[in-house]
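Trainee: Residues in the sequence shown are numbered consecutively from 4, following my numbering. The C-beta atom is built at its ideal place from N, Cα and C for all residues, glycine as well.
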Amino acid sequence: MNGRHPPSHRGGGGGESPPRWTRALVTGASSGIGEAIARRLAGEGTGLVLVARGADRLEALRGELERPTVPVETLAADLTEASDLSRVEARLSASEHPIHLLVNNVGGGRLAVFPESGPEGEEGWIRLNVVPTVRLSAAALPRMRESRRGTILNISSGAGLQPSPYAAVYGASKAFVNSFSRALREENRRAGVTVTAVCPGFTETDLPRRTGFDVAKVPRFLWMSADEVARGALEAAARRRDLYVPGWANQLAAVLARHAPTGLVVAFVARNTLSLWRR
Ligand SMILES: NC(=O)c1ccc[n+]([C@@H]2O[C@H](COP(=O)([O-])OP(=O)(O)OC[C@H]3O[C@@H](n4cnc5c(N)ncnc54)[C@H](OP(=O)(O)O)[C@@H]3O)[C@@H](O)[C@H]2O)c1
4 MNGRHPPSHR
14 GGGGGESPPR
24 WTRALVTGAS
34 SGIGEAIARR
44 LAGEGTGLVL
54 VARGADRLEA
64 LRGELERPTV
74 PVETLAADLT
84 EASDLSRVEA
94 RLSASEHPIH
104 LLVNNVGGGR
114 LAVFPESGPE
124 GEEGWIRLNV
134 VPTVRLSAAA
144 LPRMRESRRG
154 TILNISSGAG
164 LQPSPYAAVY
174 GASKAFVNSF
184 SRALREENRR
194 AGVTVTAVCP
204 GFTETDLPRR
214 TGFDVAKVPR
224 FLWMSADEVA
234 RGALEAAARR
244 RDLYVPGWAN
254 QLAAVLARHA
264 PTGLVVAFVA
274 RNTLSLWRR
């Protein structure tokens with residue numbers, strides 16, 4: 004059943020319906036979109052493995068979300084560190100309490116004229132946005148295929164739908180996630196495993212500010228809450244969508260990115276990014 008109950012039993016986060024997945028591992032679960040996904044999953048009765056660097060925040064969240072019917076484990080790990088990544092891989096491939104939903108959510112970037120942070124700094128974004136998604140998917144897939152039950156939900160970005168000047172590595176790394184997700188989805192079509200990529204736009208977390216955007220200048224209609232994105236992302240995964248763009252404004256931008264001449268799109272993105280960059 005691909006880790007899900009039939010559509011008629013889909014839960015909406017209210018804890019009334021059976022969970023769509025028995026147990027999920029969420030990376031970057033201690034804030035923003037990852038936390039909102041974890042809260043929604045706990046609300047519908049899905050057991051959780053929460054992954055992020057900060058152990059205290061993870062423990063506080065576990066204290067809030069854990070119930071007798073909703074076991075919550077925490078795994079404090081820096082996913083850019085090989086040894087930490089190995090511990091998370093081991094949890095994903097463990098046969099006890101198997102994971103049916105992997106949410107590759109961790110990610111980030113910084114506005115810059117490439118290579119402002121130097122080659123090592125730029126590589127760091129690839130280690131954050133690309134490597135964990137590849138490594139953790141590889142760790143999860145064999146068991147999911149064996150049980151013919153599993154979902155991988157990759158939180159990508161609208162920045163990956165076209166080249167993104169001043170976020171060149173971020174945009175390219177998210178384009179990688181989109182392409183990778185779609186390829187895996189096709190490979191596993193007959194194995195009972197689905198893969199969904201989600202491409203949010205501006206989402207009310209601390210990330211846009213840390214990335215270097217002047218958040219006060221971003222028009223109100225472009226913003227979505229982390230919970231809105233989380234709800235849409237889980238619904239898209241449950242419906243086995245290949246790629247999901249949350250929100251009408253982002254969907255309009257995605258259609259333009261796909262159909263308008265690339266040169267115009269890239270110039271438009273560059274101009275908008277410059278106008279919203281806090282410098
Ligand atoms: N917010 C937006 O506007 C937006 C738009 C498009 C796409 N996205 C994508 O959505 C995803 C989530 O973004 P967000 O805005 O929710 O971010 P966020 O609020 O900054 O949360 C990031 C989460 O990842 C964890 N984390 C960061 N670095 C880590 C590392 N090296 N190892 C393990 N965990 C790490 C953080 O906890 P610790 O610091 O404790 O590790 C935190 O739990 C990202 O992939 C991002 O690219 C966001």
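1) Are there three or more Cβ pairs, one per stretch, closer than 8 Å when the stretch 75-93 is compared with the stretch 265-281?
2) Which word fits HIS262, buried or exposed, when buried means at least 16 other C-beta atoms lie within 10 angstroms of its C-beta?
3) Quick check: is any heavy atom of ligand 1 less than 7 Å from the C-beta of ASP230?
4) Give a single yes or no on whether PHE224 has its beta carbon closer than 7 Å to a heavy atom of ligand 1.
5) Flag this pair as touching only if the stretch 177-190 and the stretch 130-139 have three or more C-beta atom pairs under 8 Å; answer yes or no.
6) First and last residue of the alpha helix (DSSP H) that includes VAL198?
7) Pull up the CB-CB distance for GLY50 and THR25, whole angstroms please, since I reckon it's below 8 Å.
8) If distances are taken between C-alpha atoms only, which option among GLU238, LEU64, GLY235 and ASP217 comes closest to ALA45?
9) Let me confirm a value: GLY48 is counted as buried when at least 16 other C-beta atoms fall within 10 Å, else exposed. Which label applies?
10) Over what stretch of residues does the alpha helix (DSSP H) that includes VAL172 continue unbroken?
11) Do LEU114 and THR214 have their C-beta atoms within less than 8 Å of each other?
12) Of all the alpha helix (DSSP H) runs that stay within the bounds of the stretch 205-280, which reach a length of 4 or more residues?
Mentor: Taking the structure as given:
1) As far as the Cβ criterion goes, the stretch 75-93 does not touch the stretch 265-281, which means the pair count is below three.
2) Here residue 262 refers to the residue found at position 259 of the sequence shown. Taking all protein chains shown into account, HIS262 has fewer than 16 neighbouring C-beta atoms within 10 Å of its C-beta and is therefore exposed.
3) Along the sequence shown, one-based indexing puts residue 230 at 227. ASP230 Cβ: outside cutoff for every heavy atom of ligand 1.
4) For the purposes of this step, residue 224 is taken as residue 221 along the sequence shown, with counting starting at 1. Relative to the non-hydrogen atoms of ligand 1, the Cβ of PHE224 never comes closer than 7 Å to any of them.
5) The stretch 177-190 and the stretch 130-139 touch, with no fewer than 3 CB-CB distances between them shorter than 8 Å.
6) Working through the sequence shown from its first residue, we reach residue 198 at position 195. Here VAL198 belongs to no alpha helix (DSSP H); instead the beta strand (DSSP E) covers 196-201.
7) If you number the sequence shown from 1, residue 50 lands on position 47. If you number the sequence shown from 1, residue 25 lands on position 22. The C-beta separation of GLY50 from THR25 comes to about 6 Å, placing the pair in contact by the 8 Å criterion.
8) Counting from 1 along the sequence shown, the entry for residue 45 is found at position 42. If we check each option's Cα against that of ALA45, LEU64 comes out closest.
9) As a working note, residue 48 is residue 45 in the sequence shown. Answer is buried; the Cβ neighbour count reaches 16.
10) On the sequence shown, position 169 is the one that residue 172 refers to. Residues 171-190.
11) Within the sequence shown, numbered from 1, the residue matching residue 114 stands at position 111. Within the sequence shown, numbered from 1, the residue matching residue 214 stands at position 211. Yes, the pair counts as a contact, with Cβ atoms nearer than the cut-off.
12) Those alpha helix (DSSP H) runs which fall completely within the stretch 205-280 and span 4+ residues are 210-214, 229-241, 251-262 and 265-279.
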